[in-house]
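Encoded as structure tokens, the structure appears first; notes follow it.
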Amino acid sequence: MSIEGLDKKEAVTIYDVAEKAGISIATVSRVLNRPEKVSPSTREKVFSVMKALGFTPKAEARERARKEVGRIGVITPYFTHPSFVHRLRGISEGIRGAAYELVIISLETLEEVESYLQSPGLAHRLDGLIVLSRKFESTTLKLLKEKKMPTVFVEFGEEGFSGVCIDNIKGGEMAADFLLQSGYKSFSVLTENEQGIDVHPNVMRVDGFRQALNRKGMVLSSENIGYGSNDMAQSLIAAEELLRSFRPEAVFATTDFLAVAVIKIAKKLDISIPEEMGLLGFDGTNTSDYMDFTTVDQSLEESGKLAVELLLKRIKSPQSPVQTIYLPLRITERRTTTRK
Numbered sequence: 001m002s003i004e005g006l007d008k009k010e011a012v013t014i015y016d017v018a019e020k021a022g023i024s025i026a027t028v029s030r031v032l033n034r035p036e037k038v039s040p041s042t043r044e045k046v047f048s049v050m051k052a053l054g055f056t057p058k059a060e061a062r063e064r065a066r067k068e069v070g071r072i073g074v075i076t077p078y079f080t081h082p083s084f085v086h087r088l089r090g091i092s093e094g095i096r097g098a099a100y101e102l103v104i105i106s107l108e109t110l111e112e113v114e115s116y117l118q119s120p121g122l123a124h125r126l127d128g129l130i131v132l133s134r135k136f137e138s139t140t141l142k143l144l145k146e147k148k149m150p151t152v153f154v155e156f157g158e159e160g161f162s163g164v165c166i167d168n169i170k171g172g173e174m175a176a177d178f179l180l181q182s183g184y185k186s187f188s189v190l191t192e193n194e195q196g197i198d199v200h201p202n203v204m205r206v207d208g209f210r211q212a213l214n215r216k217g218m219v220l221s222s223e224n225i226g227y228g229s230n231d232m233a234q235s236l237i238a239a240e241e242l243l244r245s246f247r248p249e250a251v252f253a254t255t256d257f258l259a260v261a262v263i264k265i266a267k268k269l270d271i272s273i274p275e276e277m278g279l280l281g282f283d284g285t286n287t288s289d290y291m292d293f294t295t296v297d298q299s300l301e302e303s304g305k306l307a308v309e310l311l312l313k314r315i316k317s318p319q320s321p322v323q324t325i326y327l328p329l330r331i332t333e334r335r336t337t338t339r340k
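So for the sequence shown, UniProt numbering puts the first residue at 1; every next one is plus one.
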């Protein structure tokens with residue numbers, strides 16, 4: 001995109017960018033500060049104009065330096081989902097007392113993530129990033145390295161970056177082994193829709209569950225796997241279809257959120273838990289406690305605290321070796337797997 005009519009020896013301002021892009025100053029400001037709130041086409045247009053004009057947003061960086069307050073961004077697909085809320089709580093606790101403020105960045109697609117990372121002012125807005133529960137493509141990882149942005153991944157490790165991880169396959173195996181040891185012999189699984197942004201951990205949990213059954217000479221049929229989502233209405237539909245098609249002795253829900261859907265539908269279908277059917281979730285959220293169901297606890301809040309600890313180390317010493325911490329998983333047994 002060519003830009004004409006501007007003397008590049010003059011200091012380029014946000015007003016010049018707005019004028020050449022044919023949009024309001026407020027929109028340019030949103031692109032700089034909250035790009036996820038602006039349409040991809042508008043972001044690309046503004047970024048193109050900024051590049052052509054040689055515009056670099058420095059005012060905010062100077063203001064932050066004056067106040068001596070940094071900013072840490074948290075990229076999360078669903079910041080209202082229970083598991084993410086727990087992790088964010090841990091991050092908030094970990095950052096307390098440090099000279100940083102927290103910026104929550106809700107991005108639901110890889111395209112949104114890449115667009116955000118390509119923002120010209122990213123390095124001035126943030127001092128570091130924490131990425132929750134998703135894997136990046138190689139092109140996205142390359143962007144982070146080019147930006148020299150200190151980054152910590154939570155749940156999935158990425159080569160060249162620090163991370164706080166869990167073994168999701170092992171978690172699925174633990175779920176199956178526990179149910180088998182409890183005497184259950186037939187199973188269904190409710191997991192996330194295959195199109196979900198945080199699908200990777202759910203796929204791994206199902207794989208681990210299936211592998212553990214296979215070792216015992218058992219098979220998990222694809223017909224016995226239902227796909228919900230981060231939306232309760234959709235998950236209730238999936239849970240009902242699953243339980244109407246086959247009545248298992250136990251259900252493995254790959255998140256505590258999905259376990260709640262199973263409990264609601266079991267009540268609707270007059271299936272008594274645990275007398276007629278067992279249930280095991282995954283996450284270890286407060287929901288599993290007050291709804292009293294068995295779950296695979298992955299220490300969500302602790303993962304958030306450790307992520308902050310690792311990130312602050314990287315910010316202070318960018319050349320220090322990357323570090324990956326694996327958190328242990330444990331089964332928290334409650335009412336839903338207590339066979340009468």
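Glycine residues also receive a C-beta, built at the ideal position from the N, C-alpha and C atoms.
Note that the structure is a prediction, hence the values are computed from the model and not measured.
Between the alpha carbons of leucine 110 and threonine 13, how many angstroms are there, rounded? Near 30 Å, if we compare the C-alpha coordinates of threonine 13 and leucine 110.
Flag this pair as touching only if the region 166 to 182 and the region 143 to 150 have three or more C-beta atom pairs under 8 Å; answer yes or no. Contact fails: fewer than three Cβ-Cβ distances are below 8 Å.
Output needed for residue 345: all residues of its chain with C-beta closer than 7 Å, excluding positions within five of it in sequence on either side, in chain order. There is simply no residue 345 to check, as the chain begins at 1 and stops at 340 in what is shown.
Own chain partners of alanine 18 with C-beta closer than 8 Å, once the 5 adjacent residues on each side are dropped: Setting aside the 5 residues that flank it on each side, alanine 18 is surrounded in the same chain by Ser24, Ile25, Thr27 and Val28, each with a C-beta closer than 8 Å to its C-beta; the list follows chain order.
Chain-order list of residues whose beta-carbon lies under 7 Å from that of arginine 66 (same chain, five-residue window excluded): For arginine 66, the pLDDT reaches just 46, beneath the cut-off of 50, and the residue's location in the model is therefore unreliable, although a value from the coordinates is still provided. Answer for arginine 66: no residue qualifies.
Please tell me whether leucine 329 and isoleucine 166 are closer than 8 Å, where the distance is taken between their beta carbons. Yes. Within cutoff.
Report the option in Ser119, Glu249 and Phe136 whose CA atom is closest to the CA atom of threonine 42. Among Ser119, Glu249 and Phe136, the Cα nearest to that of threonine 42 belongs to Ser119.
Local Cβ density within 10 Å of lysine 216, reported as buried at 16 or more and exposed below that: Its Cβ having fewer than 16 others within 10 Å, lysine 216 is exposed.
8 Å contact criterion, which asparagine 230 and valine 189 should meet: CB distance rounded: Not really, about 17 Å apart at Cβ, beyond 8 Å.
DSSP three-state label for residue 341, please. The structure shown has nothing for residue 341, since the chain only spans 1 to 340.
Sort Ile75, Asp207 and Val203 by Cα distance to residue 343 and report the nearest one. Any question about residue 343 goes unanswered here, given that the chain covers just 1 to 340.
Ignoring anything shorter than 3 residues or poking outside the region 123 to 147, list the beta strand (DSSP E) runs there in chain order. The DSSP assignment places complete beta strand (DSSP E) segments of no fewer than 3 residues inside the region 123 to 147 at 128 to 132, in order along the chain.
Whose C-beta lies closer than 6 Å to the C-beta of lysine 37 among residues of the same chain, with five residues either side of it excluded? Taken in chain order, the residues that qualify are Arg30.
Endpoints, the beta strand (DSSP E) within which tyrosine 326 is located: It spans 324 to 326 - the beta strand (DSSP E) in which tyrosine 326 sits, taken as one unbroken run.
State the start and end residues of the unbroken alpha helix (DSSP H) segment that holds glutamate 192. Under the DSSP assignment, glutamate 192 falls outside any alpha helix (DSSP H), being part of the beta strand (DSSP E) whose first and last residues are 187 to 192.
Would you mind sorting glutamine 319 into buried or exposed? The rule is 16 or more other CB atoms within 10 Å of its CB. Glutamine 319 counts as exposed, since fewer than 16 other C-beta atoms from the protein chains shown sit within 10 angstroms of its C-beta.
Cα-Cα separation, arginine 210 to arginine 334: Distance between the alpha carbons of arginine 210 and arginine 334: 23 Å.
Would you check if the region 297 to 308 and the region 256 to 269 touch, i.e. whether three or more CB-CB distances between them fall below 8 Å? The way I'd put it, the region 256 to 269 doesn't touch the region 297 to 308; fewer than three beta-carbon pairs between them come closer than 8 Å.
Is the separation between the beta-carbon of threonine 255 and that of serine 83 shorter than 8 Å? Going by C-beta atoms, threonine 255 is nearer than 8 Å to serine 83.
Is the distance from the Cβ of serine 156 to the Cβ of arginine 134 below 8 Å? In the sequence as displayed, the identity of residue 156 is phenylalanine instead of serine. Taking C-beta atoms as the reference points, phenylalanine 156 and arginine 134 count as a pair closer than 8 Å.
Does the beta-carbon of arginine 314 have 16 or more other beta-carbons within 10 angstroms, so that it is buried, or is it exposed? Flag for arginine 314 reads buried.
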